[in-house]
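To start, the structure under review is shown below, and the notes come after it.
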Amino acid sequence: MSVASRHVMGTGIVIGALALTLIALLIPVRSFGGRAVAAAPAPALAADDDGAGVMSTGFGPLTPQDRDFVRKVRLAGLWELPAGRQAQERGTRQSVRTAGEHLVEGHAELDRRVLEVGQALGVELPDRPSPQQQAWLDQLDRAGGATYERLFIQLLRRAHGKVFTLVAQVRAQTRNSMVRELATDANATVLDHISVLEASGLVDFDGLADTVPAPGSPGSPAPSPATNPSASGDVAGAAARTAPGAISRRPYPPIRAGGSRPPARTASGGWPTARPTTAAGVRGRGGARPATETSSKGRAGSSPARGVGGVSVV
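Pasting the structure below:
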């Protein structure tokens with residue numbers, strides 16, 4: 542065989558191989574109707590963008606998601622802490638009063654930390670619950686007896702389940718060390734609250750998957766307290782309530798950069814962490830303690846809620 546023939550044959554082999562490769566690439570596209578076959582990443586939770594972009598701080602970059610997370614932690618305390626105080630007073634079951642105690646203690650500590658973070662990072666924090674959170678508080682004001690207890694457990698369990706995913710996302714993605722510490726602490730607190738709420742035996746897990754309509758949205762069906770605790774009700778009317786156990790509507794003081802200094806860290810330089818849930822379902826430092834009924838004023842040593850007379854997540 543001549544040299545020219547060998548060159549022609551070699552060229553033909555190369556062209557054939559390229560053609561087969563092209564066919565192999567095109568077949569999957571045709572098989573799936575032109576759709577991409579690569580697995581798409583799970584969508585991230587949307588954060589409210591304040592338009593300030595990424596800011597440089599001494600603790601690392603501060604993104605819109607970071608700032609939104611800090612504000613959401615503050616918002617969670619603005620309604621969950623007073624709701625917990627109300628449960629301590631109005632709950633007839635020990636498990637409900639215990640859940641209220643955990644909410645009060647957990648959010649009192651977490652609120653102190655988020656105030657420090659907000660001041661250090663220059664994040665302006667809210668001073669009152671969101672309209673949706675206020676509507677939930679109104680629902681609790683109107684409910685009574687067993688209906689109140691089921692509504693309390695379901696509302697709080699749903700809210701904690703949603704914020705749990707946000708905490709995990711921020712903890713995994715943030716490049717700001719102070720936000721990361723806050724997310725770590727929030728994770729322990731939220732998990733403790735989820736555990737103690739579920740320990741009540743009143744959580745309707747099927748109802749947690751339901752879509753909750755926005756407060757006051759047109760055509761929103763009336764929710765079932767046990768299965769679909771959505772936000773609804775007359776906020777202004779509920780604000781005027783003065784019945785025992787009703788939730789105070791007095792707003793918390795606004796916290797702005799340059800404001801009064803919140804409580805400092807512990808002597809060790811770190812922030813106290815949420816106590817783990819014991820086998821009995823009650824947190825304890827240095828070991829488990831039995832679940833005892835608390836008074837309507839809460840436990841000695843608990844931090845008072847700012848601006849909360851009787852009481853005011855994701």
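Numbering-wise, the sequence shown is residues 542 to 855 according to this note's numbering.
Glycine included, C-beta positions come from ideal geometry on N, C-alpha and C.
Predicted, not measured: the structure shown is a model, and the values here were computed from it.
Looking only at C-alpha atoms, which of the options sits nearest to residue i?
i, options, result
"GLN714", "GLY748, GLY601, LEU678", "GLY601"
"ARG691", "LEU749, THR598, ASP590", "LEU749"
"ILE694", "GLN710, ARG612, ASP607, THR639", "THR639"
"VAL720", "ASP745, ALA593, VAL614, LEU732", "VAL614"
"PRO597", "PRO672, LEU644, VAL664, VAL655", "This sequence places Ser at residue 597; Pro is not what is there. If we check each option's Cα against that of SER597, VAL664 comes out closest."
"LEU723", "THR633, VAL637, LYS703, GLY659", "GLY659"
"SER741", "GLN675, PRO623, ALA628, ILE554", "ALA628"
"GLN674", "GLU642, GLY618, GLY702, LEU656", "GLY618"
"HIS643", "ARG698, LYS703, PRO670", "ARG698"
"GLU646", "ALA729, GLY702, ASP747, VAL744", "ALA729"
"PRO538", "LEU743, THR552, ARG669", "The shown model of the chain, from 542 to 855, leaves out residue 538, and the question about it has no answer."
Which value, in whole angstroms, describes the spacing of the CA atoms of residue i and residue j?
i, j, result
"ARG716", "LEU603", "7 Å"
"GLY590", "GLN606", "Note on identity: in this sequence residue 590 is Asp, with Gly being the wrong assignment. ASP590 and GLN606: Cα-Cα distance of roughly 7 Å."
"GLY574", "GLU739", "Caution applies to GLY574, whose pLDDT of 45 falls short of 50 and renders its modelled position unreliable; the model cannot decide the point."
"TRP677", "ASP726", "25 Å"
"GLY686", "THR633", "8 Å"
"GLY625", "SER718", "30 Å"
"SER636", "ARG612", "30 Å"
"ARG712", "ILE556", "52 Å"
"ASP745", "LYS703", "15 Å"
"LEU743", "ASP679", "20 Å"
"VAL595", "ALA709", "20 Å"
"GLY599", "ALA649", "26 Å"
"GLY641", "VAL655", "21 Å"
"GLU657", "GLU621", "19 Å"
Which partner residues does residue i have in the DSSP bridge list?
i, result
"LEU603", "MET596"
Might you give, ordered along the chain, the residues of its own chain that have their beta carbon closer than 8 Å to the beta carbon of residue i, omitting 5 neighbours on each side?
i, result
"ALA593", "PRO605, ARG608"
"THR552", "none"
Can you list, in chain order, the residues of its chain whose CB lies under 6 Å from that of residue i, leaving out five sequence neighbours each side?
i, result
"PHE705", "VAL731"
"ALA684", "LEU692"
Note down, in chain order, each residue of its chain lying with its Cβ closer than 7 Å to the Cβ of residue i, except the 5 sequence neighbours on either side.
i, result
"TYR689", "ARG631, LEU681"
"PRO667", "ARG612, ARG615, LEU616, LEU619"
"ALA661", "MET719"
"SER671", "LEU616"
"LEU651", "VAL614, GLY618, ASP726, ALA727, THR730"
"ILE554", "none"
"LYS838", "Residue placement at LYS838 is flagged as unreliable, the pLDDT there being 39, under the threshold of 50; a coordinate-derived value is accordingly withheld."
"SER809", "Any reading at SER809 must be qualified, since the residue scores a pLDDT of 46, below 50, and its modelled position is unreliable; no value is offered."
Let me check you understand the geometry: is the CB of residue i closer than 7 Å to at least one non-hydrogen atom of the ligand MN?
i, result
"SER636", "Inclusion of the ligand MN in the displayed structure is not the case, the ligand content being empty and no account of it being possible."
Return no unless some Cβ of chain C is closer than 8 Å to the Cβ of residue i.
i, result
"ASP726", "Given the protein chain composition of this structure (a single chain), no chain C is represented."
query = Of all the alpha helix (DSSP H) runs that stay within the bounds of the region 669-737, which reach a length of 4 or more residues?
reply = 672-683, 686-714
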